[in-house]
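Below: the structure, in structure tokens.
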Amino acid sequence: MSGSAVSSCQLVWVVLVCSWRIAAAQAQAAARTDPIEAAALNTILGRWGKKASPEWNISGELCSGLAADRTNWDDYPNINPFIKCDCSYNNNSVCHIIKLRVFKLDVVGQIPSELQNFTYMEDLNIAYNYLSGEVPSFIGKFTSMEYLNLAFNPLSGPLPKEIGNLTNLLSLGISFNNFTGELPEEMGNLVKLQQLYIDSSGFSGPFPSTFSKLQNLKILRASDNDFTGKIPYNFGSMSSLEDIAFQGNSFEGPIPASLSNLTKLTNLRIGDIINGSSSLAFVSNLTSLSNLILRNCRISGNLGLVDFSKFAALTYLDLSFNNITGQVPQSILNLENLEFLFLGNNSLTGRLPDVKSSSLTTLDLSYNQLTGRFPSWVNQNNLQLNLVANNFVLVGTNSSTLPSGLSCLQQYTACFRGSPEYYSFAVDCGSNRSTSASDNTIYEADPMNLGTASYYVTGQTRWGVSSVGNFFQATNGMDRIYSSQHFQNTVDSKLFETARMSPSSLRYYGLGLENGNYTVLLQFAEFSYPDSPTWLSLGRRVFDIYVQGDLIEKNFDIRKTAGGKSFTALNRSYTATVSKNFLEIHLFWAGKGTCCVPSQGYYGPMVSALRVTPNFAPTVRNGVPKRKSKAGAIAGISVGALVLGLAALFGIFMLVKKRRTMAQQKEELYNLVGQHDVFSNAELKLATDNFSYQNIIGEGGYGPVYK
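The following block contains the structure:
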């Protein structure tokens, strides 16, 4: 073919392409938004106080610009509200709205009735707002719907059975709402469904038996509800499942062995089984797991029954708060990708393995029956390691990098057992400085960043604190939080400006307390969730409170107990009996409450301050050192009385001689530094950190001298 022929062909091609584009543009310009849908959208946006963006609402035509082209609307997250239209109807003359996004705009109101006019809707995202009321039954008209997201709204009432009409649905998000009742059986009709998010939604009762029909389901998030009965055995037939979250419900044990068939699972989170006994055996086949959490599930049996060497992809393993026995397998600590290991609160025995992978940087083995000496890896830099409440041999061990005070927190060697020194203590939780309250109580500082698995004992060995847990999938989990706002219902607002938070288990200990009955005062104030009508106010912090091992408060909600108000001080007082010179206050997360408000990984117990005082007349000195015995001094006076008498005569002579000189020197000194100050007892306690041992610089005739 000649060059001129090729050029002619290219010219024809260019002309055709340009003609097609011009025709398409003319068709788009000619197409008009369905007038019923246009009126409905304008009404909805007007009622919600939102405006259409000029990038898709050109010259008043809704389905224009970016709304009518073929670009992916996910590429324009900052255009909000946003719609997408299909303008192919009636020979490219009519546009129907197929996608609507009004996302995270704190819209207040209800789901508008005008929404039912969008019968061609495929994707509706009105999440992260403040839409209340019930989900209307007309939701069932959206038979073309593929993606429906109503999450993070205070929607209430039952979920309508018409939801089962959405047979083309691929993803349903209704998390973080206030629904009531059971899931409708009709949800089993959603056979194309791949993702279902119903966590923190208020549902109760058993799972519908029809769920086994959801054979395409890959993600099922159902934590923090009140589902009852057993986890359905037929879930084991849903072979497409890759991600399951079932924490914080009221499921009964055992965990069904049929879950062993779900070999595609990469994330499995089950927790807080209320009765029965489960086995670990079912996880043996789930070797694709990256995250395995079976926390507080009443699991028993030997940990060695599972060959963890096959779990090469495992990065997160939490089997805490069970009754697992046996030794810690070397195979677990050898896993090259494992970063977090929580085995605390079990019945593990034996010694620690000799070798640990360098990737494992968080290890909780607290509250077991472990013994022996420490291997060398306990001194690894940046290792988070909690070994409290075991039976380790601490004398002569190489544990120089471990926080001090571990010997006081072992099961059978607690400090001061049988030799009490204290009768009270108070802590300003999470604070960098001691605080003097209005009643002159000195609240000691609690400044340590405990991280994912650690503990701390004060220099006076008066009290300690232990925390374990990781804020799951959080980018920046915090265990100490701060607010500068003023707090209501208290004259000691500063006490509530800081708080200590934990994603799993937070314990405070009183050490060396005189035996007897005590008043335990826990002081709380929620300051993470605003009171205004915004999706951020939907957060709920829920945890359990134990004192001396007894459950005192179940599903305790700070904000709810304070009348639904944040930034409001709340005091809870309990009586506890100390019989072994040791007090334990335990705040425990049992899977309840929201996980992701105001951000991912924000949940678990929180406390602002605590105070422990005796209900009896104490006989110990509360840590103040005893004065030196005067017996030797009395003997010395008797032996040296004659010498002192003679010295007295000489002293009188010298006193008279120097009185005038001393008066002159005192006057010069006052001119330099001024008169001496007089301090109150509260000021002295605050200045010496409650007469801390660490501040003693010597001792005089009247007791210790403090800097």
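In terms of the numbering used here, the sequence shown opens at residue 997 and continues consecutively. Idealized CB from N, CA, C, for every residue including glycine.
- Excluding its 5 nearest sequence neighbours in each direction, residue 1444 has C-beta neighbours in its own chain below 7 Å: 1452, listed in chain order.
- For the beta strand (DSSP E) assignment, the uninterrupted runs of no fewer than 3 residues enclosed by the region 1170 to 1244 are, from N- to C-terminal side, 1191 to 1193, 1215 to 1217 and 1239 to 1242.
- Linking residue 1501 to residue 1304 through their CA atoms gives a straight-line distance of about 25 Å.
- Taken in chain order, the complete beta strand (DSSP E) segments of 3 or more residues contained in the region 1472 to 1499 are 1476 to 1478 and 1494 to 1497.
- The continuous beta strand (DSSP E) containing residue 1084 extends over residues 1078 to 1084.
- Residue state for residue 1380 is assigned as strand, using DSSP reduced to three classes.
- For residue 1198 against residue 1176, the beta-carbon gap comes to about 6 Å, under 8 Å, which counts as contact.
- Contact check for residue 1463 against residue 1429 fails: the beta carbons are separated by 9 Å or more.
- Between the region 1330 to 1341 and the region 1367 to 1375 there are fewer than three C-beta pairs closer than 8 Å, too few to call the two in contact.
- Considering only 1284, 1475, 1494 and 1471, the residue with the shortest C-alpha distance to residue 1482 is 1494.
- A residue is called buried once 16 or more other Cβ atoms fall within 10 Å of its Cβ, and residue 1268 is buried on that count.
- For residue 1037, the enclosing alpha helix (DSSP H) begins and ends at 1031 to 1044.
- Rounded to the nearest whole angstrom, the CA to CA distance from residue 1210 to residue 1141 is 17 Å.
- With contacts defined by Cβ atoms closer than 9 Å, residue 1335 and residue 1355 form a contacting pair.
- With at least 16 other beta carbons inside 10 angstroms of its own, residue 1486 counts as buried.
- Among the bridge pairs identified by DSSP, residue 1501 is matched with 1464 and 1584.
- Going by DSSP, residue 1329 is part of the alpha helix (DSSP H) stretching over 1326 to 1329.
- Residue 1528 has its alpha-carbon roughly 23 Å from the corresponding atom of residue 1047.
- Remark: C-beta atoms of residue 1127 and residue 1151 approach each other more closely than 9 Å.
- Of 1388, 1194 and 1398, the smallest CA-CA separation from residue 1378 is found for 1398.
- Excluding the 5 residues flanking it on each side, residue 1120 has same chain C-beta neighbours closer than 6 Å at 1096 and 1144, in chain order.
- Shown here, residue 1122 sits in coil according to DSSP, grouped into three states, outside any helix or strand.
- Residue 1316 has its alpha-carbon roughly 15 Å from the corresponding atom of residue 1345.
- In the DSSP assignment, residue 1358 falls within the beta strand (DSSP E) that extends over 1358 to 1360.
- With a contact defined as Cβ atoms closer than 8 Å, residue 1195 and residue 1587 miss out at about 10 Å.
- Taking a contact as a CB-CB distance under 8 Å, the pair residue 1037 and residue 1093 counts as one, their CB atoms being some 7 Å apart.
- The continuous stretches of beta strand (DSSP E) do not include residue 1157, and DSSP gives it neither H nor E.
- Around residue 1403, the same chain offers 1390, 1409 and 1411 as residues with beta carbons nearer than 8 Å, after the five sequence neighbours per side are excluded.
- For residue 1306, the secondary structure class from DSSP, reduced to helix, strand or coil, is helix.
- For residue 1557, the uninterrupted alpha helix (DSSP H) segment begins and ends at 1554 to 1557.
- In the DSSP assignment, residue 1449 falls within the unbroken beta strand (DSSP E) covering 1449 to 1453.
- The Cβ-Cβ distance between residue 1535 and residue 1499 does not fall below 9 Å.
- When C-alpha distances from residue 1223 are compared across 1212, 1240 and 1248, the shortest belongs to 1248.
- Of the residues 1079, 1579, 1310 and 1044, the one whose Cα lies closest to the Cα of residue 1060 is 1079.
- Excluding its 5 nearest sequence neighbours in each direction, residue 1373 has C-beta neighbours in its own chain below 6 Å: 1352, listed in chain order.
- Residue 1449 and residue 1231 have their C-alpha atoms roughly 34 Å apart.
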